[in-house]
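**Q** In UniProt numbering, the protein residues as written are 1 to 242. Cβ coordinates follow ideal geometry from the N, Cα and C atoms, glycine included.
Right, here's the structure in full:
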């Protein structure tokens, strides 16, 4: 008898899809730019059918959530006026000027009486990578070869990773390294060794090319910036929205 009552309660009150966790999606946002949080088509259909939904966001307090928007039968209340737009056509939420504080877990909840379906979006916010520069840390001329140590750095950007390579297949192994440092050794007759530094994070990539110049004794360790090829201006490749 007791088990039958428990089962009845689970059926009548527990018709909850994704309560507390739900299906989750990862969205990458660009610091200072607009980020749109979208829901899948089945949730749009349920919203039209049930007529009631809410956008929520986690806060730094795990016991508190922030209600961003409430939708009811074609009307809505935007509690993020001036900071976010609600698109009634697809029920998406557009954050206008994405800040680091916006990097939270968002929930879109469709409900009708005891029924509820949850769609979760984890927003991660990144600052784009700035133009990198290449610094010569050391330069040694010995035994007919030049040995230099290069350091590639970008002044701004979150979670930056660095790698070295070359589009010239004949020297690709010579230039191939992971990390910001490249130790390069080449014969003096090779006056041009084009090595490419790539600085990237999940939302952006910047590339700069170093062309080795002739080693000289008065240059070793003193040049703050590498001799860059005139045609190798930093190139911005955006890998995500924002």
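Assuming residue 127 and residue 102 form a contact by the criterion Cβ under 8 Å, report the distance between their Cβ atoms to the nearest whole angstrom.
**A** The pair is not a contact, with the Cβ atoms about 13 Å apart (cut-off 8 Å).
**Q** Find out if the Cβ-Cβ distance for the pair residue 79, residue 93 is shorter than 8 Å.
**A** Cβ distance not < 8 Å, so residue 79 and residue 93 don't count as in contact.
**Q** Opposite residue 53 in the DSSP bridges: which residues?
**A** Residue 53 is bridged to 71, 110.
**Q** Taking only three categories from DSSP, how would you classify residue 96?
**A** In the structure shown, residue 96 sits in coil (DSSP, three-state: anything other than H, G, I, E or B).
**Q** Expressed to the nearest angstrom, what Euclidean distance is found between the alpha-carbon atoms of residue 200 and residue 99?
**A** Their Cα atoms are separated by approximately 20 Å.
**Q** Could you give the C-beta distance for residue 181 and residue 211, rounded to a whole number, given that I count them as a contact under 8 Å?
**A** 18 Å between Cβ atoms; not a contact.
**Q** Does the segment 52 to 70 come within contact of the segment 103 to 115, defined as at least 3 CB pairs closer than 8 Å?
**A** Segments in contact, yes.
**Q** Quick one, are the C-beta atoms of residue 145 and residue 186 less than 8 Å apart?
**A** Yes, they are a contact pair.
**Q** So which of 193, 202, 85 has the shortest CA-CA distance to residue 169?
**A** Answer by Cα proximity: 193.
**Q** Within its chain, find whatever has a CB closer than 8 Å to the CB of residue 124; leave out the 5 residues flanking it on each side and keep chain order.
**A** Around residue 124: 26, 27, 28, 29, 103, 202.
**Q** Which complete beta strand (DSSP E) runs does the UniProt domain "Ig-like" (132 to 209) hold, if anything under 3 residues is left out?
**A** Fully enclosed beta strand (DSSP E) runs of 3 or longer: 132 to 142, 145 to 154, 161 to 165, 181 to 187, 194 to 201.
**Q** List the DSSP bridge partners of residue 86.
**A** According to DSSP, residue 86 bridges with 93.
**Q** From the DSSP output, which residues share a beta bridge with residue 24?
**A** Residue 24 pairs with 120.
**Q** Return helix, strand or coil for residue 102, following the three-state DSSP convention.
**A** It is helical.
**Q** Given residue 24, which residues of its chain have a CB within under 7 Å of its CB, disregarding the five upstream and five downstream residues?
**A** So the qualifying residues of the chain are 120, 122.
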